[in-house]
Structure formats: C-alpha cells, structure tokens
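J.: Just so you know, the sequence shown maps onto residues 152 to 314 in the working numbering.
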Amino acid sequence: QGFYARNGLNTELVQVRPAVAIAALLSGDADYAEVLGSAIRSAARGAPLRAISTTIRAPFFSFVANPKIKSVRELKGRSIGVTAIGGTNYISTRLVLQHFGVDPDREAKLIAIGDEKLMYEALKIQRVDAIVVAPPFSILLKREGFLVLAHTAQLLSIPFVGL
152 QGFYARNGLN
162 TELVQVRPAV
172 AIAALLSGDA
182 DYAEVLGSAI
192 RSAARGAPLR
202 AISTTIRAPF
212 FSFVANPKIK
222 SVRELKGRSI
232 GVTAIGGTNY
242 ISTRLVLQHF
252 GVDPDREAKL
262 IAIGDEKLMY
272 EALKIQRVDA
282 IVVAPPFSIL
292 LKREGFLVLA
302 HTAQLLSIPF
312 VGL
C-alpha cells in the first residue's frame, strides 16, 4: 500500500523465526523486529534490546485436541505440544491450563516440539493429545475434525506482538 515509501522509509520486510530475528538484531543485520516475547526474554538475559511498542494485546493461540478430548480440564494427565519451553506459546499454555484448574507442572506433560508444522503433524499422528497453535494450523485442524478447546486471546491479556 506504499505506507513506508509515503513516509520516506526504505524497508525490506523479511519473515523469519524469532531466534533468527534476534540474531539479526544483535548482529546489526536488522534494525527492528516484531518479536516482542523473544526480545524481552533476550533482554532479560543481558542482550542490548528494547521493546518500543506493542501491536497485539493477547496471544492468538488455540488449544486443539483429538476429538476424544472435550475440554481443557480433560487434558489432565495428557501430553500437550508446545513450540519451545519458555516461549510465549509455552507461557500461554501454562496460564490457560491454570485458568481451567490444571496444574501444568504436575497434571499435564508439556512437550517442546518445535515449529507449528511439526506440532500439526504430531497431533495428526497421535504423538500428543493436544497442541497449542496459531492460525492457519488451528483452522486446518478444526476442518479436519479436531476440536478447538480454548482460545488464549479470550482468556489472557499479555503483550504478544510488538516492535
């Protein structure tokens, strides 16, 4: 739409994983990145980064489970796929489980799988009972008959995307 050019900015938008974006910021290969959670965690470990704005006020992950599981409470004793231990996806998963009375440390098994495509495949082949993913994977899985148990954006209010 020409927003950047109209404002005298010469930009190149590149989509990469959060860890790659942080590395690009730290090496000087990128000037800005929309990786709020990763930037805050990196800054807490001493990286010279700052968050300057937030654009989305809640994570938009969905808890998606095999059709036998009808509620988040039924995830007690079950395996739940997340992207990485300590990331925004993981933190959101823990908070939602707690909201529904499930102790994430003692009553659920959170498994770091990696990117959402791998999580999607893990649920389809029943390596996990549920996953916590963003669109388009949550939408695809619902179309394929999996159940969406909860949406983090309806339950949490924590900064999710920012600059």
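Glycine included, every Cβ here is placed at the ideal spot set by N, Cα and C.
Every value quoted in this text rests on a predicted model; they were computed, and no experiment measured them.
Label E163 either buried or exposed according to how many other C-beta atoms from any shown protein chain fall within 10 Å of its C-beta, with 16 as the threshold for buried.
T.: Translated into the one-based positions of the sequence shown, residue 163 becomes position 12. E163 should be labelled exposed.
J.: Below 8 Å, how does it come out for the stretch 228-236 and the stretch 289-300: are there three or more Cβ pairs, yes or no?
T.: Short answer: they don't touch.
J.: Check for me: the alpha helix (DSSP H) holding S178 runs from which residue to which?
T.: One-based indexing of the sequence shown puts residue 178 at position 27. Where S178 is concerned, the enclosing alpha helix (DSSP H) stretches over P169 to S178.
J.: Among A198, L226, P199 and A172, whose alpha-carbon lies nearest the alpha-carbon of V186?
T.: As a position in the sequence shown, residue 186 is number 35, starting the count at 1. Cα-wise, what sits closest to V186 is A172.
J.: So does the stretch 194-204 actually touch the stretch 246-266, counting three or more Cβ pairs closer than 8 Å?
T.: no
J.: Which residue from A216, A181, S178 and L226 puts its Cα closest to that of L291?
T.: Walking along the sequence shown from the start, residue 291 turns up at place 140. Nearest C-alpha to L291: A216.
J.: What would DSSP say about S204, mapped onto helix, strand or coil?
T.: As a position in the sequence shown, residue 204 is number 53, starting the count at 1. In the structure shown, S204 sits in coil (DSSP, three-state: anything other than H, G, I, E or B).
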